[in-house]
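Q: Attaching a single structure in structure tokens format; questions to follow.
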Amino acid sequence: MKVGIIGCGNISPIYFEAGRKFDILDIVACADMDEQKAKARAEEFGIAKACGVDELLADPEIELVINLTIPAAHADIHLQALRAGKHTYGEKPLAVSLEDGEAILALAKEKGLLVGVAPDTFLGGGIQTCRKLIDDGWIGRPVAATAFMVGSGPESWHPNPGFLYEAGAGPLFDMGPYYLTALINLIGPLQSVSGSARITSSERTITNGINYGQKIPVETPTHISATLDFAGGAVGTLITSFDVWGSQLPNIEIYGTEGTLVVPHPNFYDGPMLVKRKNHDGFTEIPLTHGYTENSRGLGVMDMACALQTGRAHRASGEMGYHVLEAMHGILLSSEEGRRYDMKSSCAKPAPLALGLPKNALDR
Ligand SMILES: NC(=O)c1ccc[n+]([C@@H]2O[C@H](COP(=O)([O-])OP(=O)(O)OC[C@H]3O[C@@H](n4cnc5c(N)ncnc54)[C@H](O)[C@@H]3O)[C@@H](O)[C@H]2O)c1
5 MKVGIIGCGN ISPIYFEAGR KFDILDIVAC ADMDEQKAKA RAEEFGIAKA CGVDELLADP
65 EIELVINLTI PAAHADIHLQ ALRAGKHTYG EKPLAVSLED GEAILALAKE KGLLVGVAPD
125 TFLGGGIQTC RKLIDDGWIG RPVAATAFMV GSGPESWHPN PGFLYEAGAG PLFDMGPYYL
185 TALINLIGPL QSVSGSARIT SSERTITNGI NYGQKIPVET PTHISATLDF AGGAVGTLIT
245 SFDVWGSQLP NIEIYGTEGT LVVPHPNFYD GPMLVKRKNH DGFTEIPLTH GYTENSRGLG
305 VMDMACALQT GRAHRASGEM GYHVLEAMHG ILLSSEEGRR YDMKSSCAKP APLALGLPKN
365 ALDR
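Using this note's numbering, you'd call the opening residue of the sequence shown number 5 and step up by one each time.
Laid out in structure tokens, this is it:
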């Protein structure tokens with residue numbers, strides 16, 4: 005499948021590498037609003053064409069666009085790609101506003117094209133092994149879950165962290181998709197959400213790289229505490245924060261009627277994963293049953309390309325991305341309005357990956 009990448013920034017190298025690793029993805033062009041960045045990536049990864057966005061979208065050879073722009077540009081690029089007749093897969097979140105998210109899904113449906121959304125870390129060996137254990141009944145029915153992403157913010161490591169403090173980012177919109185997607189994959193869709201959120205400081209200071217010392221305004225909450233009510237009855241707790249200097253909280257734990265599952269970090273693809281079953285002593289580390297334990301960003305695009313060839317559903321779907329987006333908006337709205345938010349959307353649990361898949365391939 006001929007693929008074009010739009011957005012040649014920080015995260016793009018791993019997607020260019022996916023083009024080398026996964027045979028089905030043939031990256032033939034890349035674009036960026038800063039054409040120098042596109043040229044540099046094309047040179048670095050041996051991509052035939054570096055160009056502007058319009059030129060990439062006008063190329064009839066390109067069937068699928070990978071959208072790696074910043075969140076504020078996600079919707080516009082997705083919509084442009086769909087209007088140009090291309091399938092589109094983008095970094096999270098699907099869009100900033102719910103209206104834009106809806107417009108993307110509606111246009112894709114009208115055009116008969118697919119939309120896919122990161123994260124695809126839930127396709128990694130760590131979370132796929134968790135999914136298998138839950139599906140096989142090791143912890144019984146999920147009763148509750150906790151998920152924590154707490155840290156001191158990206159200004160200490162990201163060279164351009166400004167966008168991460170704009171609406172559509174912050175700890176909830178930037179990191180929440182990993183946690184919510186993992187939970188939806190493991191437990192199922194959400195029925196309602198509620199939350200309390202705060203902005204702790206109106207500006208932050210970059211403490212790394214060429215922009216060291218630069219102040220950036222904070223436009224979105226930096227500490228968010230949420231309750232998640234799953235359609236299946238499980239109750240989840242999610243805390244995301246850029247306001248915490250240290251913590252010993254786990255990443256994700258799932259509490260079932262027959263035991264507890266400790267889920268690995270949902271921003272990564274590997275383990276460890278631990279289980280403690282009812283009436284057994286202590287936690288046991290379970291060997292991973294599935295592959296893709298290294299950084300496999302692009303796996304969701306590869307899955308979408310395979311799905312396009314066979315007509316099966318793709319896993320990192322626009323529907324799930326929209327459900328996650330609605331949940332994040334619902335949490336902030338709940339905090340503003342002091343009431344629970346009932347979800348309007350739902351999504352299917354993505355199909356689990358089969359055991360024993362060949363290296364660098366997926367089910368066709
Ligand atoms: N950096 C990471 O570690 C990381 C990890 C996972 C996901 N992501 C996600 O990937 C996306 C990109 O993040 P990043 O860190 O690479 O950001 P970045 O700022 O380094 O790169 C974004 C690139 O997109 C380009 N761009 C922005 N708007 C554009 C437009 N309208 N048309 C064409 N090009 C445009 C910019 O010029 C820039 O080169 C974000 O959604 C982010 O949440 C980043």
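Each residue gets a CB set at the ideal place from its N, CA and C atoms; glycine is no exception.
From a predicted model like this one, the values you see are computed outputs, not experimental measurements.
Which residues bound the alpha helix (DSSP H) around residue 252?
A: No alpha helix (DSSP H) holds residue 252; DSSP gives it neither H nor E.
Q: Give me the Cα-Cα distance between residue 27 and residue 364, rounded to the nearest whole angstrom.
A: C-alpha separation (whole angstroms): 8 Å.
Q: If we count the other Cβ atoms within 10 Å of its Cβ and call it buried at 16 or more, is residue 202 buried or exposed?
A: That one is exposed.
Q: Are there any heavy atoms of ligand 1 lying less than 7 Å away from the beta-carbon of residue 270, as far as the coordinates show?
A: Incorrect: residue 270 has no Cβ contact closer than 7 Å to ligand 1.
Q: Reducing DSSP to helix, strand and coil, say where residue 157 ends up.
A: Correct three-state label for residue 157: coil.
Q: Tell me where the beta strand (DSSP E) around residue 55 begins and ends.
A: Run containing residue 55: 53-55, per the beta strand (DSSP E) assignment.
Q: Check whether the region 170-189 touches the region 237-248, counting contact only when three or more Cβ pairs, one atom from each stretch, lie closer than 8 Å.
A: Yes, the region 170-189 is in contact with the region 237-248.
Q: If you scan the region 231-296 from start to end, which runs of the beta strand (DSSP E) of 3 or more residues do you find wholly inside it?
A: Fully enclosed beta strand (DSSP E) runs of 3 or longer: 239-245, 256-260, 263-267 and 278-281.
Q: For residue 171, collect the residues of the same chain with a Cβ closer than 7 Å to its Cβ; drop the 5 residues on either side in sequence, then sort them by chain order.
A: 100, 223 and 224.
Q: Can you tell me the Cα-Cα spacing of residue 340 and residue 200, whole angstroms?
A: Their Cα atoms are separated by approximately 8 Å.
Q: On the three-pair Cβ rule with 8 Å, is the region 337-356 touching the region 203-217?
A: Too few Cβ pairs lie closer than 8 Å, so no.
Q: For residue 221 versus residue 182, is the C-beta distance shorter than 8 Å?
A: No, these two residues do not count as a Cβ contact at 8 Å.
Q: Starting from residue 12 and walking both ways along the alpha helix (DSSP H), at which residues does that stretch end?
A: Here residue 12 belongs to no alpha helix (DSSP H), and DSSP marks it neither H nor E.
Q: Please report the distance separating the alpha-carbon of residue 281 from that of residue 332.
A: Their Cα atoms are separated by approximately 32 Å.
Q: For residue 45, count neighbouring C-beta atoms within 10 Å of its own C-beta (all shown protein chains included) and say buried if the count is 16 or more, exposed if not.
A: Buried, since its Cβ has 16 or more Cβ neighbours within 10 Å.
Q: Contact between the region 317-330 and the region 296-309 is defined here as three or more beta-carbon pairs at a separation below 8 Å; is this criterion met?
A: Contact between the region 317-330 and the region 296-309 is present, because at least three Cβ pairs lie under 8 Å.
Q: Would you say residue 175 touches ligand 1, meaning its beta carbon is less than 7 Å from a heavy atom?
A: No, ligand 1 has no heavy atom inside 7 Å of this Cβ.
Q: Excluding the five sequence neighbours on either side, which residues of its own chain have a C-beta within less than 6 Å of the C-beta of residue 8, listed in chain order?
A: Only 33, 60, 66 and 69 meet the Cβ criterion.
Q: Report back the beta-carbon spacing between residue 175 and residue 153 to the nearest angstrom; my notes put them in contact at under 8 Å.
A: Rounded, the Cβ-Cβ distance is 6 Å, consistent with contact.
Q: With a threshold of 7 Å, establish whether the CB of residue 81 neighbours any heavy atom of ligand 1.
A: Indeed, a heavy atom of ligand 1 lies less than 7 Å from the Cβ.
Q: To which residues of the same chain is residue 279 closer than 8 Å at the C-beta, ignoring the five residues directly before and after it?
A: Counting only Cβ-Cβ distances below 8 Å, and skipping sequence neighbours, we find 137, 142, 143, 263, 264, 265, 266, 287, 288 and 290.
Q: Let me know the beta strand (DSSP E) ranges lying completely inside the region 100-172, each 3 residues or longer, listed in chain order.
A: List check, beta strand (DSSP E) in window: 119-121 and 146-154.
Q: With the cut-off set at 8 Å, would you say residue 324 and residue 91 are in Cβ contact?
A: Contact flag unset, no.
Q: Does the beta-carbon distance from residue 19 to residue 129 come in below 8 Å?
A: Not closer than 8 Å, so no.
Q: Look at residue 146 and residue 275 and say whether their C-beta atoms are less than 8 Å apart.
A: Taking 8 Å as the Cβ cut-off, residue 146 and residue 275 do not qualify as a contacting pair.
Q: Can you tell which of 256, 314, 166 and 5 has the C-alpha that lies nearest to the C-alpha of residue 216?
A: Checked all of 256, 314, 166 and 5; the closest Cα to residue 216 is 166.
Q: Just tell me which of 81, 294 and 355 has its CA closest to the CA of residue 112.
A: When only C-alpha atoms are compared, the closest one is 81.
Q: Roughly how many angstroms lie between the CA atoms of residue 84 and residue 107, to the nearest whole one?
A: Between residue 84 and residue 107, the C-alpha separation is close to 12 Å.
Q: Can you find the residues in the same chain that come closer than 7 Å, C-beta to C-beta, to residue 98, ignoring five residues on each side of it along the sequence?
A: The answer, listed in chain order, is 78, 105, 108, 121, 322, 325, 326 and 329.
Q: What residue range is occupied by the uninterrupted beta strand (DSSP E) comprising residue 178?
A: Here residue 178 belongs to no beta strand (DSSP E); instead the alpha helix (DSSP H) covers 174-191.
Q: How would you label residue 283, buried or exposed, when you count the other beta carbons within 10 angstroms and need 16 or more for buried?
A: With fewer than 16 Cβ atoms within 10 Å of its Cβ, residue 283 is classed as exposed.
Q: Answer with buried or exposed for residue 292, where buried requires no fewer than 16 other C-beta atoms within 10 angstroms of its C-beta.
A: Looking at its Cβ environment, which holds 16 or more other Cβ atoms inside 10 Å, residue 292 is buried.
Q: Please go through the same chain and pick out, in chain order, the residues whose beta-carbon is closer than 7 Å to the beta-carbon of residue 31, but skip the five residues on each side of it.
A: Cβ neighbours of residue 31 beyond the five flanking positions: 7, 9, 20, 23 and 51.
Q: Tell me where the alpha helix (DSSP H) around residue 322 begins and ends.
A: Residues 322-341.
Q: Just mark residue 15 as buried or exposed, buried being the case when its beta carbon has 16 or more other beta carbons within 10 Å.
A: That one is exposed.
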